[in-house]
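K.L.:
Chains as they are written, first to last, in my numbering: chain A, 15 to 498; chain B, 15 to 498; chain C, 15 to 498.
Cβ atoms here follow ideal geometry from the backbone N, Cα and C, with glycine treated the same way.
Note that this is a predicted model, so its numbers are computed, not measured.
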Amino acid sequence: MGCVQSFRELCDRQKNTNVRVSLPAVCIVWQTAMIILFGIFVRYNEESDPHWIEYRKAKNISSDLENDFYYRYPSFQDVHVMIFVGFGFLMTFLKRYSFGAVGFNFLIASFGLQWALLMQGWFHSLDSDGKIKIGIENMINADFCVAGCLIAYGAVLGKVSAVQLLVLTLFGITLFAVEEYIILDIIHARDAGGSMVIHTFGAYYGLSISWMLYRPNLNLSDRLQGSVYHSDVFAMIGTLFLWMFWPSFNSAITDHGDGQHRAALNTYLALASTVLTTVALSSLFQKHGKLDMVHIQNATLAGGVAVGTAAEFMLMPYGSLIVGFCCGTISTLGYVYLTPFMEKHLKIQDTCGIHNLHAMPGVIGGIVGAITAASATESVYGIEGLRNTFDFEGDFKDMLPTRQGGLQAAGLCVAICFGVGGGILVGCILRLPIWGDPADDNCFDDEPYWELPDEEEAVPPILQYNNHMRNKDIVESNFSVEQT
Amino acid sequence: MGCVQSFRELCDRQKNTNVRVSLPAVCIVWQTAMIILFGIFVRYNEESDPHWIEYRKAKNISSDLENDFYYRYPSFQDVHVMIFVGFGFLMTFLKRYSFGAVGFNFLIASFGLQWALLMQGWFHSLDSDGKIKIGIENMINADFCVAGCLIAYGAVLGKVSAVQLLVLTLFGITLFAVEEYIILDIIHARDAGGSMVIHTFGAYYGLSISWMLYRPNLNLSDRLQGSVYHSDVFAMIGTLFLWMFWPSFNSAITDHGDGQHRAALNTYLALASTVLTTVALSSLFQKHGKLDMVHIQNATLAGGVAVGTAAEFMLMPYGSLIVGFCCGTISTLGYVYLTPFMEKHLKIQDTCGIHNLHAMPGVIGGIVGAITAASATESVYGIEGLRNTFDFEGDFKDMLPTRQGGLQAAGLCVAICFGVGGGILVGCILRLPIWGDPADDNCFDDEPYWELPDEEEAVPPILQYNNHMRNKDIVESNFSVEQT
Amino acid sequence: MGCVQSFRELCDRQKNTNVRVSLPAVCIVWQTAMIILFGIFVRYNEESDPHWIEYRKAKNISSDLENDFYYRYPSFQDVHVMIFVGFGFLMTFLKRYSFGAVGFNFLIASFGLQWALLMQGWFHSLDSDGKIKIGIENMINADFCVAGCLIAYGAVLGKVSAVQLLVLTLFGITLFAVEEYIILDIIHARDAGGSMVIHTFGAYYGLSISWMLYRPNLNLSDRLQGSVYHSDVFAMIGTLFLWMFWPSFNSAITDHGDGQHRAALNTYLALASTVLTTVALSSLFQKHGKLDMVHIQNATLAGGVAVGTAAEFMLMPYGSLIVGFCCGTISTLGYVYLTPFMEKHLKIQDTCGIHNLHAMPGVIGGIVGAITAASATESVYGIEGLRNTFDFEGDFKDMLPTRQGGLQAAGLCVAICFGVGGGILVGCILRLPIWGDPADDNCFDDEPYWELPDEEEAVPPILQYNNHMRNKDIVESNFSVEQT
């Protein structure tokens, strides 16, 4: 007990937000490590190597277009926009944390994707010569992997330093790669849009960390934990780019042909449906039926999360609409009731409400995926279609859809366990008082970590002068008045 | 007469902007209806169905890339961005209506695209088994259909409630689908970029509604009918994404190969040309040659509207530049002279100036299309090229280009009639006092429909104190105090 | 000497920012010239012409997908976004020059791309019938060409008028086309992403112009030469869209297949690496380790510039990371030390720091390209790969890689010479007192060139009144004073 006590005391020492040594050190050391590891391990795959033309002729491939680049590059760019602009701007809603939102998002995504290429490469793309061979699909998967960590960032937004975020990302990517390997390769679950692998894992990882970093006196920063008019408009940039490109997210690594086509279509429909129920619920739960920007910014995206797993299956167009309908409802209710409850009773402070946007819809997505998989039949998919869609090949060629449904459910459990377990572990590490996180009365503020511009308005000199004088006179005259 | 009188009185009752019952009810009921109708009618087409692989082999298609998804998905995503970010942010220019602009745009587009899939499906994609088979082309067409309603929104921006917008969209999509069927299928006009079908129809639909909803006392909201510095920058996000992706808009559903290629090229050129004439005219009509942001935000897009119909024809590069040149001029002149004239004399209050951006350029586009079609020759297009470009097949295989020109003109007339007629009808409905629209002194304001953030700036307490001291009256009274 | 003296006096006359005659005149005349020249010279190429279907059959091309449109259009759209949103918003960081940044960027890019189609066409796409045949690749190249001028704009941002910018663009495009022809066609250097051709040339062109237009009293505008909170967030939109789409920029016109694939991959890695070193250096050189938005907005992009030439070569993944690492470092150091030094001692006022973002990384990119080319071997590239990658065909079929390295270096020198020489020449022209540039105390201000919105906040009158009253103490104390 004494040990725990002293650990807690250690962790609650006076905060020092100066990261002038730690941040550069971590960045330089890790980037150097990346260069060395890439030098040892990473090479181009046959489709990005100049020998492609010989490979093409040897394999009798008729056209350069059969290079996977042309199947996937447009989707990759959409996913890339989601990661950097989507997640980045979605988090700019706080009145004084826009630099941190978009800037730290930029930093951890850039680091994360390098580490993800390595981690996922070791598990998935290791060639017989011990090298990781990378191409366009690895780039997409690396961006996916980063998404998990950015979701986790949403829970701790405004309460951690850049160094903590880099640590969160390092462990997050590592855990992700292991979890993904277990779910996709060992269990053989399918999860094209990552409802389980990305969203469920990422959300529980972030929530557990936030729980470990619970700040009882966070209300000291209440003045900054809200939006201003224009910061909400900035956040809508993030929302819309996530919303619009989600069909690309869910279809980016599905099968060529009908797989990508169907995944995009299902996601498009689910998201449209979500918007209507979000608006309905948001209006219903506010005085005078006014809409709440928090709901519009976040809950409208829940449908995209929830069709992630099943998007490539035969969910049917109406099925997608139903999933979207439910998730818009649940997510909005979450913002209204669950987030305050969790903060008060479970000691989980969830800045962006990722529990409502990623955790619950992610779990729903896993369940929907399991049900859709379990109910797959040859008459609906065709023999070849069933084999392609669920990858019933090699060791799994005699798999039955019902059993696949069970495996999907197992995958969901693994994602939750890794998220919670990993989050608690990493949260422990992040409590150490060496990371430069802000004090309780200094959260949600860019000031400790960014050189902020002078907020003086751009008024002509003469007015500016008057302005300065005005304050001075008033203060002085007031003082003199009070003295009299 | 008494009847009209009492209808008018009924409509002009005290306004109540509380939509807490009506908005959720409409959203939930309509979304539920969508789910039921999709359940009955909508299925995947052969390119998004798992039987694709069997279909491919049966049809001897060599590669998955021949799936229409790969021809059209990048264009679809660009169009999607135009609908949600383009139109949404273009309308954020008002100082206090950015939430409504981007949020309601989001809502009605999400509803509209579902209804459009059904309406257009019944007319165009109904299979022999009574099901609508959807794929990527339907998604693009649904987005196109929504564009018509978003254009109409521009005319009534800030003066209507979300419920009214949903009604406007429901009828707008319905009318659109009928009008489109008549123009494209019965009359057999060509309109790849929708100069007539989308822009002309949408603009006259919106203008007629705005005419029906004329508010004589709108000047009570004058203080809010303008921009602030940053809202104008937000609007430029919308402008630029519309401008940049317009080549994708006009080429999204044209013929594979040279059709898409040429449509993109023509649109690219027309838009570039428009920017220069817009800047020229804007500078010319302002004191001291200063540019007006309203022109730059809107009139620069007129060229894209006006080449919509003819983009896939042999308009020639210089032809595109000429169209852009004229439309930049006309559209800017419209903003300078016509919009004030229409408000004063025709009782049409057009918030975004859609008459200048969509109506006039749309009509010009229809005329340009008719002329270009009428002057088509086999020597320019080649025999097969002529057949492909104008779809002279089946019942129309003996069509002459001159006759096609006449049909194009007929199509334009149909679009105008549907727009005006439909708008008057729907405008009547929207005058009913049940929709929760704002009072005349409360227009262009997010306050009635949105929970607005507290506008207190995030400054440290001590500065805040000084800020509070700034008031002029106080200064004066202080001076008087000092004088006493 | 007297002549120079009187020229200087001529140039330093009283400034008049009224461009009501000159701006419209230049725009209209030039656009008319474009229409005439396009009418004489520009036609569709065989892939955007309706005869494509006959061409396809004659050439035995199996599918419409082999139309170059499908290889390049997604990349084109990404590049297009970089030009208009990327460059435009990157420059919005100044507190009162956002209209000018995004608006003038829009204007000169729209003019520039038309002139570029002609200039590049005469050098590269002139057919045997004396016509320029254009298609998707010309559109990309025109956008590239414009990029050079937009880079130059960065150096003079806020200090010139729109007319000057149009002149800068006219000459810039002309010089670019000549320089590009010399480097790529005569010298036969390779430069897919334009490290030399675009960035080095554009940056030195802009810096030389800025040197010629040196304003000793620019400190009179100091109050406006900084950012405000939200203008920095706007600038991040530009940064991120440039950063995300840079892989498309560098791969847009590389060889089909592995060339595009590898270029995208290398750029993706280099940029990720740059972000980490930029953050490290930015933190290291600020008091308390705070990050500087100027660095994050700009230096993070240096890696993309620097892999421009070598992106299509076998730079190897770790090579890309190393290039990114170095450029992030050098670019950030440039912002810290070099920009102030250049302004003070070299009389070069570089508003956006293009020397750090484009000039130095561009030169590094040229050198990296030369080294990578010189060290190319058949074992790494394969015989066919070597031939394809370096285009060792026709007159150059016996070229050795070492010699190619020398040619790359020669190309770099040509780019620098054209930039510096051209800039001095054009700078001379721009010093003439006829262009409407702002006075020294009026720089970095939209006011001379734009109708600015009234900055009154949009609060209802009653609240406004309350606002004025908000400071209770003052009001109370005043009342008590008045009562006494």
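Give me the subset of the stretch 57-68 of chain B whose CB atoms are less than 8 Å from a CB atom of chain A, sorted by chain position.
P.N.:
Listed by position along the chain: Arg57, Tyr58, Glu61, Ser62, Asp63, Pro64, His65, Trp66, Ile67, Glu68.
K.L.:
By the criterion of Cβ-Cβ separation under 7 Å, what are the contact partners of Leu127(C) in chain B?
P.N.:
Residue 127(C) sits at position 113 when you count from the first residue of the third sequence. In chain order: Ala286.
K.L.:
Apart from the five residues on each side of it in sequence, which residues of its chain come closer than 6 Å, Cβ to Cβ, to Phe118(B)?
P.N.:
Numbered from its first residue, the second sequence carries residue 118(B) at position 104. For Phe118(B), where only same-chain residues beyond five positions count, the Cβ hits under 6 Å are Ala176, Leu179.
K.L.:
Output needed for Lys361(B): all residues of its chain with C-beta closer than 7 Å, excluding positions within five of it in sequence on either side, in chain order.
P.N.:
Along the second sequence, one-based indexing puts residue 361(B) at 347. Cβ within range, chain order: Trp225, Tyr228.
K.L.:
Name, please, each residue of chain C whose Cβ falls closer than 7 Å to the Cβ of His94(A).
P.N.:
Within the first sequence, numbered from 1, the residue matching residue 94(A) stands at position 80. Those within 7 Å of His94(A) in chain C are Met258.
K.L.:
Assuming the contact rule is C-beta atoms closer than 8 Å, Ala166(A) and Ile223(A) should be a hit. Round their C-beta distance to whole Å, please.
P.N.:
Position 152 of the first sequence, counted from the start, is the residue given in the question as residue 166(A). Position 209 of the first sequence, counted from the start, is the residue given in the question as residue 223(A). The Cβ separation is near 6 Å, so the contact holds.
K.L.:
Can you list, in chain order, the stretches of the alpha helix (DSSP H) that have 4 or more residues and sit fully within the stretch 167-200 of chain A?
P.N.:
For the stretch 167-200 of chain A, whole alpha helix (DSSP H) runs of length 4 or above, ordered along the chain, are 176-194.
K.L.:
Would you say the stretch 49-56 of chain C touches the stretch 328-342 of chain B, given that touching needs at least three Cβ pairs under 8 Å?
P.N.:
Taking 8 Å as the limit for Cβ pairs, the verdict is that the stretch 328-342 of chain B does touch the stretch 49-56 of chain C.
K.L.:
So, for Ala390(C): in the same chain, excluding its five sequence neighbours on each side, which residues have a beta-carbon less than 6 Å away from its beta-carbon?
P.N.:
Counted from its first residue, the third sequence places residue 390(C) at position 376. Closer than 6 Å at the Cβ level, and outside the excluded window around Ala390(C), lie Pro415.
K.L.:
Going by C-alpha to C-alpha distance, which of Gly240(B), Thr281(B), Ser296(B), Met153(B) sits closest to Leu171(B)?
P.N.:
Taking the second sequence and counting its residues from 1, the one referred to as residue 171(B) is at position 157. Checking every option, the nearest Cα to that of Leu171(B) belongs to Gly240(B).
K.L.:
Along the stretch 392-404 of chain B, where does the CB come closer than 8 Å to a CB of chain C? Name the residues.
P.N.:
So the list reads Val394, Tyr395, Gly396, Glu398, Gly399, Leu400, Asn402, Thr403, given in the order they occur along the chain.
K.L.:
So, helix, strand or coil for Lys301(B), using DSSP?
P.N.:
Here the question's residue 301(B) lines up with position 287 in the second sequence. If DSSP states are grouped into helix, strand and coil, Lys301(B) belongs with the helices.
K.L.:
Thr214(B) and Ile381(B) look like a contact to me (Cβ under 8 Å); what is the Cβ gap, rounded to whole Å?
P.N.:
If you number the second sequence from 1, residue 214(B) lands on position 200. If you number the second sequence from 1, residue 381(B) lands on position 367. Wrong, their Cβ atoms sit about 11 Å apart, outside the cutoff.
K.L.:
How would you call Tyr351(B), buried or exposed, if buried means at least 16 neighbouring beta carbons within 10 angstroms?
P.N.:
Residue 351(B) sits at position 337 when you count from the first residue of the second sequence. Classification of Tyr351(B): exposed, given that the 10 Å Cβ count is below 16.
K.L.:
With Val350(A) as the anchor, note down where its beta strand (DSSP E) starts and where it stops.
P.N.:
For the purposes of this step, residue 350(A) is taken as residue 336 along the first sequence, with counting starting at 1. Careful: Val350(A) lies outside any beta strand (DSSP E) and carries neither H nor E.
K.L.:
How many Å lie between Gly273(B) and Phe125(C) at the Cα?
P.N.:
Taking the first residue of the second sequence as 1, we reach residue 273(B) at position 259. Taking the first residue of the third sequence as 1, we reach residue 125(C) at position 111. Approximately 25 Å between the Cα atoms of the pair.
K.L.:
Can you tell me whether Tyr228(C) is helix, strand or coil according to DSSP?
P.N.:
Taking the first residue of the third sequence as position 1, residue 228(C) is located at position 214. The answer is coil: DSSP assigns Tyr228(C) none of H, G, I, E or B.
K.L.:
Listing by chain order, which chain B residues have their CB less than 7 Å from the CB of Ile336(A)?
P.N.:
Stepping through the first sequence from its first residue, residue 336(A) is reached at position 322. What Ile336(A) touches in chain B: Ile49.
K.L.:
In the DSSP assignment, what residue or residues form a beta bridge with Arg57(B)?
P.N.:
Position 43 of the second sequence holds residue 57(B). For Arg57(B), which the question treats as bridged, DSSP gives the partners Lys147(B).
K.L.:
With 8 Å set as the bound, which would you pick, yes or no: does the beta-carbon of Asp246(A) sit closer than that to a beta-carbon of chain B?
P.N.:
In the first sequence, counting from the first residue as 1, residue 246(A) sits at position 232. Judged by the 8 Å Cβ criterion, Asp246(A) is in contact with chain B.
K.L.:
Just list the alpha helix (DSSP H) runs in the stretch 403-476 of chain B, keeping only unbroken ones of 4 residues or longer that don't cross its boundaries, in chain order.
P.N.:
With a minimum length of 4 residues, the continuous alpha helix (DSSP H) runs that stay inside the stretch 403-476 of chain B are 415-444.
K.L.:
Alpha carbon to alpha carbon, how far is Ala472(A) from Val99(A)?
P.N.:
As a working note, residue 472(A) is residue 458 in the first sequence. As a working note, residue 99(A) is residue 85 in the first sequence. Low confidence applies here, because Ala472(A) scores a pLDDT of 43, under 50, leaving its location unreliable and the question unanswered by this model.
K.L.:
Within the same chain, show all residues whose beta-carbon is closer than 6 Å to that of Asn402(C), passing over the 5 residues directly before and after it, in chain order.
P.N.:
Within the third sequence, the letter at position 388 stands for residue 402(C). Correct list, in chain order: Asp269.
K.L.:
Buried or exposed for Ala278(B), please, with buried defined as at least 16 other CB atoms from any protein chain shown within 10 angstroms of its CB.
P.N.:
Translated into positions along the second sequence, residue 278(B) becomes position 264. Classification of Ala278(B): buried, given that the 10 Å Cβ count is 16 or more.
K.L.:
Using a C-beta to C-beta distance shorter than 8 Å, which residues of chain C count as neighbours of Gly117(A)?
P.N.:
In the first sequence, the residue the question calls residue 117(A) occupies position 103. Near Gly117(A) (Cβ distances below 8 Å), the residues of chain C are Met250, Leu305, Met307, Ile310.
K.L.:
List the endpoints of the continuous alpha helix (DSSP H) containing Gln91(A).
P.N.:
For the purposes of this step, residue 91(A) is taken as the residue at position 77 of the first sequence. Start and end: 82-95.
K.L.:
Between the C-alpha atoms of Leu285(C) and Cys340(C), what's the straight-line distance to the nearest angstrom?
P.N.:
In the third sequence, the residue the question calls residue 285(C) occupies position 271. In the third sequence, the residue the question calls residue 340(C) occupies position 326. For Leu285(C) and Cys340(C), the distance between alpha carbons rounds to 11 Å.
K.L.:
Between the alpha carbons of His138(A) and Ala320(A), how many angstroms are there, rounded?
P.N.:
As a position in the first sequence, residue 138(A) is number 124, starting the count at 1. As a position in the first sequence, residue 320(A) is number 306, starting the count at 1. In a straight line, the C-alpha of His138(A) is about 25 Å away from that of Ala320(A).
K.L.:
Looking at C-alpha atoms only, which residue of Trp136(C), Arg204(C), Val174(C) is the closest neighbour of Pro447(C)?
P.N.:
Position 433 of the third sequence, counted from the start, is the residue given in the question as residue 447(C). Ranking the options by Cα distance to Pro447(C), first place goes to Val174(C).
K.L.:
Spatial neighbours of Gln418(A) within its chain, please: C-beta separation below 6 Å, excluding the five flanking residues on both sides.
P.N.:
Here residue 418(A) is taken as the residue at index 404 of the first sequence, counted from 1. Once the five neighbours on either side are set aside, the close Cβ partners of Gln418(A) are Ala387, Phe404.
K.L.:
Suppose you measure from the CA of Leu335(C) to the CA of Tyr219(B); what does that come to, to the nearest Å?
P.N.:
Your numbering for residue 335(C) matches position 321 in the third sequence. Your numbering for residue 219(B) matches position 205 in the second sequence. Spanning the two alpha carbons is a distance of roughly 55 Å.
K.L.:
Tell me whether Ser142(C) is buried or exposed, calling it buried when 16 or more other Cβ atoms sit within 10 Å of its Cβ.
P.N.:
Locating residue 142(C) in the third sequence gives position 128, where the first residue counts as 1. Exposed, since its Cβ has fewer than 16 Cβ neighbours within 10 Å.
K.L.:
Count the other CB atoms, across all protein chains shown, that sit within 10 Å of the CB of His309(C); report buried if there are 16 or more and exposed otherwise.
P.N.:
Taking the third sequence and counting its residues from 1, one reaches residue 309(C) at position 295. Classification for His309(C): buried.
K.L.:
What residues of chain B sit near Gln134(C), judged by a beta carbon separation below 8 Å?
P.N.:
The residue you call residue 134(C) lines up with position 120 of the third sequence. By Cβ distance, chain B contributes nothing, its closest Cβ being about 14 Å from Gln134(C), past 8 Å.
K.L.:
Give me the Cα-Cα distance between Asn32(C) and Gly450(C), rounded to the nearest whole angstrom.
P.N.:
In the third sequence, the residue the question calls residue 32(C) occupies position 18. In the third sequence, the residue the question calls residue 450(C) occupies position 436. Each residue's alpha carbon lies about 6 Å from the other.
K.L.:
Under 8 Å between beta-carbons, which chain B residues line up against Glu465(C)? List them in chain order, please.
P.N.:
Within the third sequence, residue 465(C) is the residue found at index 451, counting from 1. Correct list: Gln300, Lys304, Leu305, Asp306, Met307.
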